[in-house]
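Report on one structure; see the data block that follows.
Number of protein chains: 2
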Amino acid sequence: MDQVNVGLCGLGTVGTGVVKLLQSHADEIKYKIGSEIRIKKILVHDIEKKRDVVIESDWLTNKPEDLVNNPDIDIIIEVMGGIEDTNLLLEQAIRNKKHIVTANKDLMAVYGQKLLRLAKENKCDILYDASVAGGIPIIRSLTEGLASDKIQKIMGIVNGTTNYILTKMTDHKLAYETVLKEAQALGFAESDPTSDVDGLDAARKMTLLANLAFKMEIGLDDVEVTGIRTISQEDITFATSLGYTIKLIGIAAIYEGKVEISVEPTLLPNDHPLAQVKNEYNAVYVYGEAVGETMFYGPGAGSMPTATAVVSDLMDVVKNIRLGITGNEYIIPQYEKQLKENNEKYMQYFIRMEVDDQAGTFQKITNIFTDEKVSFQKILQLPSNTEKLAEIVMITHKISKQQLINSRENLKGLDVVNEIISCYRVDGED
Amino acid sequence: MDQVNVGLCGLGTVGTGVVKLLQSHADEIKYKIGSEIRIKKILVHDIEKKRDVVIESDWLTNKPEDLVNNPDIDIIIEVMGGIEDTNLLLEQAIRNKKHIVTANKDLMAVYGQKLLRLAKENKCDILYDASVAGGIPIIRSLTEGLASDKIQKIMGIVNGTTNYILTKMTDHKLAYETVLKEAQALGFAESDPTSDVDGLDAARKMTLLANLAFKMEIGLDDVEVTGIRTISQEDITFATSLGYTIKLIGIAAIYEGKVEISVEPTLLPNDHPLAQVKNEYNAVYVYGEAVGETMFYGPGAGSMPTATAVVSDLMDVVKNIRLGITGNEYIIPQYEKQLKENNEKYMQYFIRMEVDDQAGTFQKITNIFTDEKVSFQKILQLPSNTEKLAEIVMITHKISKQQLINSRENLKGLDVVNEIISCYRVDGED
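These protein sequences, in sequence, are chains A and B.
Residue 288 in full-length UniProt numbering sits at position 288 of the first sequence; the count goes up by one each step and never skips.
Residue 346 in full-length UniProt numbering sits at position 346 of the second sequence; the count goes up by one each step and never skips.
Here it is, written out as structure tokens:
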């Protein structure tokens, strides 16, 4: 197999980057994989549009069938986005025994398991390193570098938009709404920021990583998700004064075969490596039984980082074709899904509430926590802006999620508690 | 090729880890590479010694020729250490067409280029990811994940012992000698710590990374090395008060085909990701033209992380054998070595000196810097402990190394300058 033919779906910034990399690194790629990679067709909406890259006259088409039904094409690179139509296109391609490289995390989060199974039946590869944290070779590391290890925990910042917003809120003491508007003006956040700020984008990525690490079929519904909309400047000020930084953290962990997976605002000690990851950067920390703690840090997205990841995946597919190891058994779930119950999830929590500033309040509150066997690492009490009210900020020792839920429920029934203003988990002090 | 046979040199903690991983992950490895890996022979000093792993009766030998001249063995894993004898052993193995996986950075820094050339002549692979920062798949990332990118700069903490010492000196305000003794007692530093504390170990690793990234034959002699012996508690205090952390940082950078490579104590802003890398951990930051800034963080050494890296390399060699792409062209230097001159290396510097506490001193000093066109970002003047002396701490803007050398020379000739106490580079504020 001296030559491998590729069909590229999409010629936006990522697609253009892929074409440029394949052209400028042609010799090197050939040496590294033992085959030449040739572009056969590129699927675009508008054939007439001017392109920012040298393309041959017969490459462009607006008919998907020119790629997915083309007997000359071995591999489909999908960098056009979209979910439903794209899924149908890739299904057809796989049925025609074409291997897939995709940068589409939305698609993979929804149809990934189905596509992977279909690919296995057809002895095809689907590689999607570019879909999670574009510039970080995290999927590659999970499947290769740490191949002989047992992954116990993955924890990280996997959404650039929310990390940008939280960084600006923390460093410049600006309100959420102000920073969001600025981010939208600069193009760092979309006009409808829901998917990012509500944590869905991060949840999709954590799902992909967890499936790979734990070899279970974990769905988006299994992720406990809280976004960053409710984080106030006061929360950040309290966190800072206690030595913490608030980040939107995804966690996927396994213990005795049971998994917990979540995306939530989380307080990290300022000297925790993840606390220093700023702006649009991503970082994923992996805990393996043999290797211990490792972290990968880099740009979460961007067209050239993503194109680099696509080309690396493409090179791997070619290698796998030549090795006869496509349709890899080990990307497919092997274990029955088992999720932890709330009484099996342990974490520290930051709880901030507004209470009546009168004698006996504190005792009533501590009684409730004591009944639930919750103890504290730090407690701060401050007068509130409002008269006759005080604010209490507490950081618990490790407790179960169930203990937290029970305590919160009981606090709500207490007359001296005016409001539980915020409640975030705390991690990174083990 | 259903089965690949391996000869293992060394059965210490790393070797034992490799055997355990190969045994416990046998099925998974077979699926991932399409071949079974079998251990044929293990070279040890003492055949009778009790071993902490299940081994077959005919595996152990104390004769190197049972491995390197054994026609049944395809791959030699070298985890026994040593330079001269080990080099001869591996040379013989390569001449017998055996592929090599090694965790031996001392060997690779001295004989790496020679062995790689010999391996190429014999169409063999030498993989050595485990030799640099055991737990971090950095070499893998440079050769694969970032395969289609152009690396511009590598910067990192690549020695665990010195990072442990600097962390304790900073966090617990202890003197260098005190921490070194503690580290030796705990086994984090060797009884002769020269190779670590004088920066040689870090320099060897930077050489390996630079050769790979820039495809030039850069030797240990090309690295400018300063160790950490002279760093005092006062240096750390001054750095802290100015918002910096002192780390032993290796830098390898290329610009217009010219390389600079060095290992030196370096002041980093406290919020720089590398400033937060503590204790024995390593972290390497890579700047690629396409991907931008990425960082890899993990345990710098340790037997299980190293064993994991060895097994990953082993799996890659098997893949390469089956792909017919061993003896990879692209690990061999392709470009003529070109090093930057001192007037082409730009950096900020921290300069601390003891001066006469009298009128006119400051002007005399600034005149010298002005003559060399050196300007400053920060200046601190404090009374010294000694009477009639003052201490001045300055942080320059970016200047050339030649400007620094000239300024220091001229300062020494100045009667009001009692001593230039310390001078370190400052990085990470671009």
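We put the beta carbon where it would ideally sit given N, CA and C, even for glycine.
Quick caveat: nothing in here was measured; it's all calculated off a predicted structure.
8 angstroms contact criterion, which Arg95 of chain B and Asn70 of chain B should meet: CB distance rounded: About 13 angstroms; that fails the 8 angstroms criterion.
Proximity test, Cβ basis, 8 angstroms: Pro265 of chain A and chain B: no
Beta carbon proximity, Glu36 of chain B to chain A, threshold 8 angstroms: No, Glu36 of chain B lies away from the interface with chain A (no Cβ there is under 8 angstroms from its Cβ).
Outcome for His99 of chain B when other beta-carbon atoms lying within 10 angstroms are tallied against a minimum of 16: buried
Cβ pair Leu267 of chain A, Tyr244 of chain A closer than 8 angstroms: yes
Any 3 or more C-beta pairs closer than 8 angstroms across the region 345 to 362 of chain B and the region 384 to 399 of chain B: yes
Short CB-CB distance (under 8 angstroms) between residue 431 of chain A and chain B: What is shown of chain A runs 1 to 430, which leaves residue 431 of chain A out entirely.
Contact set between Tyr297 of chain A and chain B, taken where Cβ atoms lie within less than 9 angstroms: Pro273, Ala283, Tyr285, Glu293, Thr294, Met295, Phe296 and Tyr297
Bridge partners - Cys9 of chain A, DSSP secondary structure assignment: Bridge pairing for Cys9 of chain A: A:Leu43 and A:Glu78 [DSSP].
Distance cut-off 7 angstroms: Asn279 of chain B Cβ against heavy atoms of the ligand MN: As for the ligand MN, it is missing from this structure, which has no ligand bound.
Extent of the continuous beta strand (DSSP E) to which Asp129 of chain B belongs: Element bounds for Asp129 of chain B: n/a, residue is neither H nor E.
Proximal residues to Lys340 of chain B (C-beta, below 6 angstroms), its chain only, five neighbours per side dropped: These residues qualify, in order along the chain: Lys258 and Glu260.
Own chain, CB closer than 6 angstroms to His397 of chain B, minus 5 neighbours either side, in chain order: Ser375 and Gln377
Proximity below 8 angstroms, CB of Glu78 of chain A to CB of Thr61 of chain A: no
Contact set between Ser141 of chain A and chain B, taken where Cβ atoms lie within less than 7 angstroms: Pro137
Neighbour flag for Asp290 of chain A against chain B, beta carbons, 8 angstroms: Per the sequence presented here, residue 290 of chain A reads as Ala, with Asp not at that position. For Ala290 of chain A, the answer is yes, since a Cβ of chain B falls inside 8 angstroms of its Cβ.
Assigned secondary structure, Thr396 of chain A (DSSP; H/G/I helix, E/B strand, else coil): strand
CA-to-CA distance, Leu115 of chain A to Val86 of chain A, given in whole angstroms: The sequence shown places Thr at residue 86 of chain A, rather than the Val named in the question. Distance between the alpha carbons of Thr86 of chain A and Leu115 of chain A: 11 angstroms.
Per-residue contacts from Ile33 of chain A into chain B (C-beta, under 8 angstroms): Leu323 and Ile325
Per DSSP, the bridge partner or partners of Ser57 of chain A: None; Ser57 of chain A has no bridge partner.
Under 8 angstroms between C-beta atoms of Phe362 of chain B and Ser141 of chain B: no
Continuous alpha helix (DSSP H) assignments of at least 4 residues falling wholly in the region 226 to 312 of chain A: Counting only runs of 4 or more, we get 233 to 241.
Classification of Tyr255 of chain B by the beta-carbon crowding that lies within 10 angstroms, buried from 16 upward: exposed
Segment limits, alpha helix (DSSP H) that includes Lys120 of chain A: Lys105 to Glu121
Inter-stretch contact at 8 angstroms, needing at least 3 Cβ pairs: the region 186 to 200 of chain A / the region 221 to 229 of chain A: yes
Own chain partners of Lys345 of chain A with C-beta closer than 7 angstroms, once the 5 adjacent residues on each side are dropped: Glu260, Ser400 and Lys401
Pairwise C-alpha distance: Leu314 of chain B and Ser131 of chain B: 13 angstroms
Classification of Pro137 of chain B by the beta-carbon crowding that lies within 10 angstroms, buried from 16 upward: When all chains shown are included, Pro137 of chain B counts as buried.
Lys153 of chain B - partner residues in DSSP beta bridges: The partner list for Lys153 of chain B (beta bridge, DSSP) reads B:Ala253 and B:Tyr287.
Pick from A:Asp125, A:Arg425 and A:Glu65 that is closest to Leu248 of chain A, judged by C-alpha positions: A:Arg425
The region 178 to 192 of chain A: positions lying closer than 8 angstroms to chain B by Cβ: none
Sequence-distant residues of the same chain with beta carbon closer than 7 angstroms to Gln92 of chain B, five excluded per side: Answer for Gln92 of chain B: Val68, listed in chain order.
Cβ-Cβ separation, Val14 of chain B to Arg38 of chain B (assumed contact under 8 angstroms), whole Å: Contact doesn't hold; Cβ gap of about 19 angstroms is too wide.
Range of the contiguous alpha helix (DSSP H) that encloses Asp195 of chain B: Per the sequence shown, residue 195 of chain B should be read as Ser rather than Asp. Looking at the DSSP string, the run of the alpha helix (DSSP H) that includes Ser195 of chain B is Thr194 to Val197.
Assumed close pair Gly300 of chain A, Glu280 of chain A - CB separation to whole angstroms, cut-off 8 angstroms: 6 angstroms
For Lys153 of chain A, the nearest candidate out of A:Lys105, A:Ala213, A:Lys32 and A:Ile165 (CA to CA): A:Ala213
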